[in-house]
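1 is the number of the first residue of the sequence shown in this note's numbering; add one for each residue after it. Glycine is no exception: its CB is placed at the ideal position from the N, C-alpha and C atoms.
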Amino acid sequence: MKKLTALILALVLALSMTCAALADTLTMCTNASFPPYEFVDGDKVVGIDAEIAAAVAAKLGYDLEIMDIEFSACIPALVSGKANFCMAGMTVTEERKQSVDFSDSYATGVQVVIVKEDSAIATVDDLFAEGAKHVVGVQESTTGDIYVTGDIEEAGLGTVNRYQNGNDAVMALLAGKVDCVVIDNEPAKAYVAANAGLKILDTEYIVEEYAAAFPKGSDLLEKFNTALAELKADGTLDAIVAKYINTGDAE
Ligand code: GLN
1 MKKLTALILA LVLALSMTCA ALADTLTMCT NASFPPYEFV DGDKVVGIDA
51 EIAAAVAAKL GYDLEIMDIE FSACIPALVS GKANFCMAGM TVTEERKQSV
101 DFSDSYATGV QVVIVKEDSA IATVDDLFAE GAKHVVGVQE STTGDIYVTG
151 DIEEAGLGTV NRYQNGNDAV MALLAGKVDC VVIDNEPAKA YVAANAGLKI
201 LDTEYIVEEY AAAFPKGSDL LEKFNTALAE LKADGTLDAI VAKYINTGDA
251 E
């Protein structure tokens with residue numbers, strides 16, 4: 001009997017080792033301080049991007065591993081081959097296309113402005129008004145950073161303070177170190193909900209498209225797009241988004 005148990009155990013072990021060796025793992029990099037697209041819950045990275053990535057990986061027969069790094073480190077991680085792809089609410093830009101390939105878009109993002117409730121800044125245009133001298137907080141290397149660097153810093157209309165993640169930028173706003181934070185609309189909503197005394201200006205700054213990024217020439221890209229299209233068609237994508245964003249009737 002003991003022998004039989006040992007034999008079964010050995011077989012189970014051998015089988016599980018074979019399976020582990022067969023199941024290839026895809027490594028996705030992200031910056032998990034961008035709710036509801038990616039954030040840390042306990043010891044796990046969760047959110048819209050994490051769930052879409054898991055659904056795509058499952059469809060393609062891969063395990064998924066998520067690497068949580070600074071946003072500014074995501075494209076370098078793809079270029080150096082440390083990650084197979086990146087989902088980080090990343091906006092498609094012509095400049096980024098020089099270093100990475102983008103999947104089809106899976107979401108729209110809007111750059112918005114967070115201010116303190118009693119702020120003198122009432123509209124996005126106030127930031128670009130003649131003689132404006134605001135200190136604007138952004139997350140380093142994001143499109144928010146790129147836009148305000150051009151529209152405000154280089155235009156002589158103020159200075160830009162760059163933070164490693166959105167949360168640090170919002171903490172700087174609460175501490176009075178910056179006059180506003182330019183960031184994507186969904187994380188903005190999450191940060192305003194989590195911190196009293198803040199609001200989002202009604203006017204939008206810039207509308208963008210999010211996509212997954214891949215090392216240039218990656219043969220995963222086409223398979224990813226096919227899986228993504230299937231997830232869009234069968235309603236999985238909408239169901240994932242609806243778990244995290246209250247889309248309401250209007251959208
Ligand atoms: N959408 C913005 C960008 O691509 C911000 C992304 C992020 O902070 N995770 O730059």
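Integer Cβ distance of residue i from residue j, believed to fall under 8 Å
i, j, result
"Leu161", "Val178", "Looking at the sequence provided, one finds Asn at residue 161 rather than Leu. With 8 Å as the limit, Asn161 and Val178 qualify as a contact, their Cβ atoms being about 5 Å apart."
"Ala169", "Val148", "That pair is no contact at about 11 Å."
"Leu173", "Val181", "5 Å"
"Val110", "Val207", "5 Å"
"Leu220", "Phe85", "7 Å"
"Glu186", "Ile245", "6 Å"
Backbone secondary structure at residue i - three-state DSSP
i, result
"Ser312", "Nothing about residue 312 can be reported from this structure: the residues present for the chain run from 1 to 251 only."
"Thr226", "helix"
"Thr93", "coil"
"Ile66", "strand"
"Asp145", "helix"
"Ala83", "coil"
"Asn161", "strand"
"Thr236", "helix"
"Ala213", "strand"
"Ala57", "helix"
"Tyr205", "coil"
"Val178", "coil"
"Ile245", "coil"
"Ile183", "strand"
"Ile121", "coil"
Environment of residue i [buried if 16+ CB atoms lie within 10 Å]
i, result
"Asp184", "buried"
"Ala155", "exposed"
"Glu38", "buried"
"Lys243", "exposed"
"Thr123", "exposed"
"Thr143", "buried"
"Val113", "buried"
"Gly81", "exposed"
"Val40", "exposed"
"Ala129", "exposed"
"Val79", "exposed"
Distance between residue j and residue i (C-alpha atoms, nearest Å)
i, j, result
"Ile240", "Gly131", "45 Å"
"Phe71", "Ser33", "9 Å"
"Thr25", "Cys74", "18 Å"
"Thr30", "Met171", "21 Å"
"Ala190", "Pro35", "6 Å"
"Asp269", "Ala233", "The chain is shown only over 1 to 251; residue 269 falls outside these bounds and no answer can be derived."
"Leu237", "Ile48", "9 Å"
"Leu64", "Tyr205", "34 Å"
"Val135", "Ala77", "31 Å"
"Ser99", "Ser218", "12 Å"
"Lys216", "Glu117", "44 Å"
"Gln164", "Ser141", "9 Å"
"Lys223", "Met28", "15 Å"
"Ala258", "Gly176", "This structure cannot settle anything about residue 258, because the visible part of the chain is limited to 1 through 251."
"Lys133", "Gly158", "4 Å"
"Asp151", "Leu231", "38 Å"
"Met256", "Leu198", "Outside the displayed span of the chain (1 to 251) sits residue 256, for which this structure offers no information."
"Thr203", "Lys44", "34 Å"
"Ala50", "Ile66", "8 Å"
"Lys59", "Ala83", "19 Å"
"Asp125", "Gly235", "38 Å"
"Gly257", "Ala188", "Because the chain in this structure spans residues 1 to 251, residue 257 falls outside the shown range and cannot be described."
"Leu127", "Ile200", "14 Å"
"Glu153", "Gly42", "38 Å"
"Arg252", "Val46", "With the chain running from 1 to 251 in the structure shown, residue 252 is simply not present."
Check: Would you say the region 102 to 110 touches the region 201 to 211, given that touching needs at least three Cβ pairs under 8 Å?
Finding: yes
Check: So does the region 193 to 202 actually touch the region 84 to 96, counting three or more Cβ pairs closer than 8 Å?
Finding: no
Notebook entry, point to check: With contact counted as at least three CB pairs below 8 Å, one residue from each stretch, are the region 225 to 232 and the region 42 to 58 in contact?
Noted result: yes
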